[in-house]
Structure formats: C-alpha cells, structure tokens
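Engineer:
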Amino acid sequence: MKLIKLKIAVLAIIALAVPSLAGGVETVRIRDCTWCHGTSGQGYSIAPRLAGQRHQYIENQLLSFGEHTRDNPFSKQYMWGAAAALSSRTAHDLAKYFSMLPPKAANDGHRELATRGRTIYELGIPDANIVSCLVCHGPNAEGVREIPRLGGLEYSYLKKRLEQWGEGYHAAAAYPMPLIASKLPSDVIEALASYLSFVK
Amino acid sequence: MLNEGRGGRIMKGISLRLALPTAILAIVAILAIAFSAAGRADDMGMAASSKQGLRAKLEYCKTCHGLSGQGYHGYFAMPRLAGQQTKYLENQLRAFIERRRTNPVMFNVAHAISPSMLTALAAHFRDLDPKPFGGAPKELVARGKPIYEDGVPEANIAACSACHGPEAKGQDEIPRLAGQLFPYTIKVLTNWSKERGQGPASDTSAIMTPTAHNLTRSQIAAIAAYVSNLK
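The listed protein sequences derive, respectively, from chains P and C.
Okay, so the first sequence: first residue is 286 according to my numbering, each after it adds one.
Okay, so the second sequence: first residue is 14 according to my numbering, each after it adds one.
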C-alpha cells in the first residue's frame with residue numbers, strides 16, 4: 286500500500302514536471318525527436334546530441350530542413366520528413382526545450398589528437414590560412430546565439446559535418462563555415478573533432 | 014697511306030681543337046639559356062605565388078572580418094576593416110606582434126603576414142566600402158551624436174570628431190570609426206588600458222587613455238551606437 290502510494294506520488298510529480306519542462310510543447314512532439322536523439326537529448330548513433338544546443342541554432346536547422354537547404358544524406362533521409370510538418374512555433378518550442386537539457390560530453394574522439402585539436406581550435410593555423418574556431422564558437426566551444434555549441438558533440442558527427450562542406454553539401458548558414466571547412470585537411474578535421482568531443 | 018694517315022690525324026687534331034671550344038661554347042650557351050629561362054620562370058613563379066598567396070590571405074582575413082570587410086559578430090565581435098586607414102591597420106598588426114596590443118589570436122595571425130603582404134592587405138581593405146554591419150540599439154544613436162561631435166567638457170571628454178573627423182573616417186594612425194561594430198567599439202573603449210599600449214614600448218594609443226578612462230559605460234554605448242551607423 287505504501288509502495289503504491291509512493292508510485293502514484295512519483296507519477297504525479299513526473300506528470301506535473303514534464304509539461305512545465307517542455308515549456309508548452311506537446312509531449313508527443315518531444316517524443317518524436319527523442320526516438321532518435323535519445324530520451325535526454327544526448328544523441329544516439331547518427332543522431333546528434335541536442336541537449337544544451339543553442340536554441341536559435343536548433344530552430345534555424347529545423348527551418349532549413351523544411352526548406353531543404355541543409356542537404357546532407359542523413360538530413361534528406363530523416364530530417365526533411367521530420368521537419369516538414371513543423372510549424373515555426375513548434376520548431377521554436379522544441380528548440381527551447383532541448384536547449385535547456387544539460388549536455389554530456391561524448392568523449393569518443395582520439396585522445397592523442399586532442400592537444401593538437403585544441404591548439405587549432407584556439408589559434409587556427411595562420412601559416413595555412415586556417416582561422417581560429419574560438420572567435421565564433423567561444424572559449425569553451427559553448428556557442429552563442431545562432432552559433433552552435435560544439436563542445437562534447439560526438440566525434441563522428443563533428444567529423445562528418447566538417448567533411449560535408451568540402452563534399453559540396455550545404456548547411457543552414459552560408460557564411461562563414463563553407464569557406465572554412467571546405468579547405469580543412471582531413472588530419473585537421475580529425476584533430477578538431479577529437480578535441481571537441483572531450484569538451485565539457 | 015702514311016701521309017694520308019698522318020694528314021688524317023692532323024685533320025682530326027684540328028677538328029678536335031676546333032670542336033672542343035665550340036662544344037664548350039655550346040654548353041655555356043645552353044646553360045646560359047637554361048639558367049635565364051629558369052630565372053624568368055622563377056620570377057614569374059614568385060610573382061604568381063605571391064599573388065596567389067595574397068588572394069589566399071585575403072580570403073583568410075575575410076573569413077572572420079566579413080566577405081567585404083564589414084566585420085562579423087561571432088562569439089567575439091570582429092572589427093570592420095573596410096575603409097580603414099592603412100597606417101592604423103599596419104600599426105595595429107605590428108602592435109599585436111610587439112605585444113603592445115594583447116590578443117592571442119591576432120598575435121599568431123599577425124606573425125604569418127610578411128611586411129609586403131601587410132601593405133597589400135591594408136590597401137585592399139582601405140578601398141572596400143560596404144554598408145555598416147548594423148545592429149546597434151536605435152535609441153542610443155541620438156544620444157551618441159552630441160558626445161561624438163562636442164565631447165563632454167565637464168567630464169574631461171574631448172570631442173571624438175576632433176581627431177577621428179566629423180565623418181569618423183580617421184586619418185593616418187587615427188582609426189576610422191564609421192561603420193564599426195557596436196559591440197566591438199564598446200569592448201575596445203571599456204578595455205582600453207588593459208588591451209592597448211601594453212609593455213614598455215611607446216604606443217600612440219596613449220592619446221586615448223584619459224578619454225577612455227573618463228567615459229561612463231552608457232556614454233561608451235551611445236558613442237558606439239552612433240559611429241556604428243555612419244557610412
């Protein structure tokens with residue numbers, strides 16, 4: 286009896302807490318995202334972490350899937366359809382919801398490349414005309430406004446995204462990332478993706 | 014037979030004696046041509062590579078400072094370089110290297126720019142004229158104008174226009190402020206004595222120190238908004 290009461294109490298708390306956490310987004314909408322991105326938005330397999338991401342960034346991406354601007358293979362395969370029926374209001378609310386979840390670092394890059402990655406992240410490679418990432422993405426890769434948080438994202442996701450500009454795919458923002466990433470050598474991409482995967 | 018043989022040997026000797034200098038001459042000539050051709054190719058190669066180098070460096074600058082040099086706002090505000098005074102730009106890049114101006118990113122950037130490249134870059138940016146980046150709060154613009162034009166005499170704040178010019182175009186080592194990014198000008202004026210004129214070397218930034226010190230936060234914001242709107 287005591288146990289049942291406790292269970293009911295716990296359920297009641299959850300029922301009260303979830304809608305307020307979701308900031309007005311229907312639970313079913315959130316579940317549509319978390320099927321792939323994980324219950325706490327930490328990402329899973331090819332679906333990147335959303336937790337802690339800048340809400341303006343998420344919102345812009347959702348809109349760009351709807352407009353078919355962001356056109357890499359997984360975007361086409363999964364997100365074009367997923368974002369097709371989203372109203373801009375729902376996109377905004379979903380973005381806010383995931384931006385407020387605390388992010389965990391993926392920690393899945395190559396440890397031995399992280400030090401070099403950090404130097405490139407902070408200072409670029411001026412002799413090779415490779416710019417610093419920090420000036421836009423922040424000292425702790427936390428992002429700002431519509432500029433995404435990169436710290437702690439999955440190594441394979443970061444690597445793939447950086448490679449895709451050079452492969453001719455498009456993202457939501459036309460400047461400056463295509464200019465930067467399309468010229469990055471693969472060893473630089475691997476070092477950056479490794480470093481960033483460990484950033485908390 | 015003998016004579017013939019002897020004569021033949023003599024002839025051979027003569028032709029050898031003639032052939033040797035001819036051959037040497039020919040080799041010298043060939044080498045000379047080869048070297049001069051190589052020299053020309055080298056010059057052309059140098060010119061082409063420095064032209065290509067300049068183009069690559071410009072693209073590198075514009076990745077952060079905007080495709081038309083209008084500036085960009087990432088995590089940090091990256092200043093407008095378009096229309097900037099060449100002397101100011103060159104002096105600032107030297108200031109990064111000499112650590113008169115502290116900025117770890119630009120310290121490294123400036124080290125990878127040769128003096129001749131620097132002159133070419135500065136000339137390129139001086140000639141650009143994009144419209145201002147924008148984004149400053151409109152209500153501050155009107156407040157900034159009288160401070161920019163007349164200063165605040167009772168607070169020992171000189172008129173900005175006295176040095177930076179009525180249109181904020183600057184002159185020589187005095188920078189253009191017109192169209193400069195709102196958050197950048199705020200940051201520069203707020204941190205003036207922490208970022209400029211560092212170390213023992215003399216630096217023209219000393220001129221600004223008292224004024225930057227006397228400005229209040231709201232006056233800084235007003236001036237930054239006003240100049241950010243100027244074309």
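Every residue gets a Cβ at the ideal spot worked out from N, C-alpha and C, and that includes glycine.
1) Would P/E439 be called buried (16 or more neighbouring beta carbons within 10 Å of its own) or exposed?
2) Please classify P/W320: is it buried, with 16 or more other beta-carbons within 10 angstroms of its beta-carbon, or exposed?
3) Can you name the residues of chain C whose CB is closer than 9 angstroms to the CB of P/G453?
4) Measuring CB to CB, does C/I170 end up less than 8 angstroms from C/G164?
5) Check whether the Cβ atoms of P/K444 and P/I465 lie closer than 8 angstroms to each other.
6) Please state the DSSP three-state secondary structure of P/I331.
7) Beta carbon of P/S384, beta carbon of P/I343: below 8 angstroms?
8) Let's test the definition: count the other Cβ atoms within 10 Å of the Cβ of P/P388 and tell me whether it reaches 16, buried, or not, exposed.
9) Run down chain P in chain order and give the residues with a C-beta less than 8 angstroms from the C-beta of C/P117.
10) Are the CB atoms of C/G87 and P/V420 nearer to each other than 8 angstroms?
11) With DSSP collapsed to three states, give me the class of C/V118.
12) Please list the residues of the region 113–146 of chain C that have a C-beta atom closer than 9 angstroms to any C-beta atom in chain P, keeping them in chain order.
13) Should the region 333–353 of chain P be regarded as contacting the region 394–407 of chain P, the criterion being three or more beta carbon pairs within less than 8 angstroms?
14) When the Cα atoms are used, what is the spatial distance from C/F109 to C/F120?
15) Please return the same chain residues whose Cβ sits closer than 7 angstroms to the Cβ of C/T203, not counting the five positions on each side in sequence.
16) For C/G118 and C/A181, which I take to be in contact (beta-carbon distance under 8 angstroms), what is that distance rounded to the nearest angstrom?
17) Thinking C-alpha only, which one of P/V416, P/P461 and P/R430 is nearest C/A123?
18) Using 8 angstroms as the cut-off, can you tell me whether the region 391–400 of chain P makes contact with the region 345–363 of chain P, which would need three or more C-beta pairs spanning the two stretches below that distance?
19) Between C/Q97 and C/P188, is the Cβ-Cβ spacing less than 8 angstroms?
20) Spatial neighbours of C/G79 within its chain, please: CB distance less than 6 angstroms, with the 5 preceding and 5 following residues excluded, ordered by chain position.
21) What did DSSP end up calling C/G20 once you bin it into helix, strand or coil?
22) For C/H226, is the classification buried or exposed, using 16 other Cβ atoms within 10 angstroms of its Cβ as the cut-off for buried?
23) Which of helix, strand or coil does DSSP assign to P/H340?
24) Tell me the rounded alpha-carbon separation between C/Y161 and C/I236.
25) Taking only beta-carbon positions, decide if P/H422 is within less than 8 angstroms of chain C.
26) Taking only the alpha-carbon atoms, compute the straight-line gap between P/L347 and P/P461 and give it to the nearest angstrom.
27) Drop a sphere of 10 angstroms on the beta-carbon of C/G52, count the other beta-carbons inside from all chains shown, and report buried for 16 or more, exposed for fewer.
28) When you compare the CB of C/T203 with every CB in chain P, is at least one pair closer than 8 angstroms?
29) If distances are taken between C-alpha atoms only, which option among P/A376, P/A368, P/A456 and P/L477 comes closest to P/I432?
30) What is the DSSP secondary structure of C/I126, reduced to helix, strand or coil?
Structural biologist: From the atom records:
1) buried
2) exposed
3) Neighbours of P/G453 on chain C: none; closest Cβ ~18 angstroms, over 9 angstroms.
4) For the pair C/I170 and C/G164, the CB atoms are nearer than the 8 angstroms cut-off.
5) Judged by beta-carbon spacing, P/I465 lies beyond the 8 angstroms limit of P/K444, meaning their Cβ atoms are not closer than that value.
6) coil
7) yes
8) Residue burial is scored here from C-beta neighbours: P/P388 has at least 16 other C-beta atoms within 10 angstroms and is therefore classed as buried.
9) E407 and L408
10) yes
11) helix
12) P117, V118, F120, N121, V122, A123, H124, A125 and I126
13) no
14) 5 angstroms
15) I233
16) Correcting the residue type first, residue 118 of chain C is Val in the shown sequence and not Gly. Actually they are not in contact, since the Cβ atoms of C/V118 and C/A181 sit about 26 angstroms apart, beyond 8 angstroms.
17) P/V416
18) no
19) yes
20) Y85
21) In this predicted model, C/G20 has a pLDDT of only 45, less than 50, meaning its place in the structure is not dependable; the value taken from the coordinates is given anyway. DSSP places C/G20 in helix when its eight states are reduced to three.
22) C/H226 comes out exposed.
23) helix
24) 6 angstroms
25) With 8 angstroms as the cut-off, P/H422 counts as an interface residue toward chain C.
26) 20 angstroms
27) For C/G52, the pLDDT reaches just 48, beneath the cut-off of 50, and the residue's location in the model is therefore unreliable, although a value from the coordinates is still provided. Under this definition C/G52 is an exposed residue.
28) no
29) It is P/A456 whose Cα lies nearest to the Cα of P/I432.
30) Under the three-state reduction of DSSP, C/I126 is assigned to coil, being neither helix nor strand.
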